[in-house]
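Q:
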Amino acid sequence: MQALESNAEHERVVQQQQAEADRRRQRQQAAAAERKRSEAHAAAQAQANRERQAAVTRQRAIEDQDRSYENRYKELQLKKLEAQVARENDRINADLARSKAETDAVQSQADANRNVSKGVEKNLKDANRHWWEK
Numbered sequence: 001m002q003a004l005e006s007n008a009e010h011e012r013v014v015q016q017q018q019a020e021a022d023r024r025r026q027r028q029q030a031a032a033a034e035r036k037r038s039e040a041h042a043a044a045q046a047q048a049n050r051e052r053q054a055a056v057t058r059q060r061a062i063e064d065q066d067r068s069y070e071n072r073y074k075e076l077q078l079k080k081l082e083a084q085v086a087r088e089n090d091r092i093n094a095d096l097a098r099s100k101a102e103t104d105a106v107q108s109q110a111d112a113n114r115n116v117s118k119g120v121e122k123n124l125k126d127a128n129r130h131w132w133e134k
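As numbered in full-length UniProt numbering, residues 1 to 134 make up the sequence shown, in order.
#1: Please decide whether Arg98 counts as near chain C, where near means a Cβ-Cβ distance under 8 Å.
#2: Could you tell me the alpha carbon to alpha carbon distance between Glu102 and Gly119, rounded to whole angstroms?
#3: To the nearest angstrom, report how far apart Ser99 and Glu75 are at their CA atoms.
#4: Quick check on the DSSP output: what are the complete beta strand (DSSP E) runs of length 3 or more inside the stretch 67–129, in order along the chain?
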């Protein structure tokens, strides 16, 4: 009987050890599953951070390109205005040259008229003098 009790005791101890081993295994599995979930969560967060950073980088690149295009557009507008101003200056210079030429022509005509008048006046004075007054 003692052998049966000892055998039963032995089975009970073995069952307890198996139950304890099962609990340990379950705890280890639960811990492993938790680590796996934690690692998966960390990996997902890292991936989300990389994607967010990539989006920020893309957005900055787009904004940089927009600024570059805007600056280029402003440069072209400035060159266009400079060309318009240069053409306007050329027109003004041409008008000034034409006006100067007209003024010179009028001045030349006035000088010619004055010279003719002086010549006529001299001839008239000379015509009214006698030969001995000359």
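Quick reminder that beta carbons are idealized off the backbone N, C-alpha and C, glycines included.
A: So, to answer that:
#1: Of the protein chains in the structure, only one exists, and it is not chain C.
#2: 25 Å
#3: 36 Å
#4: none
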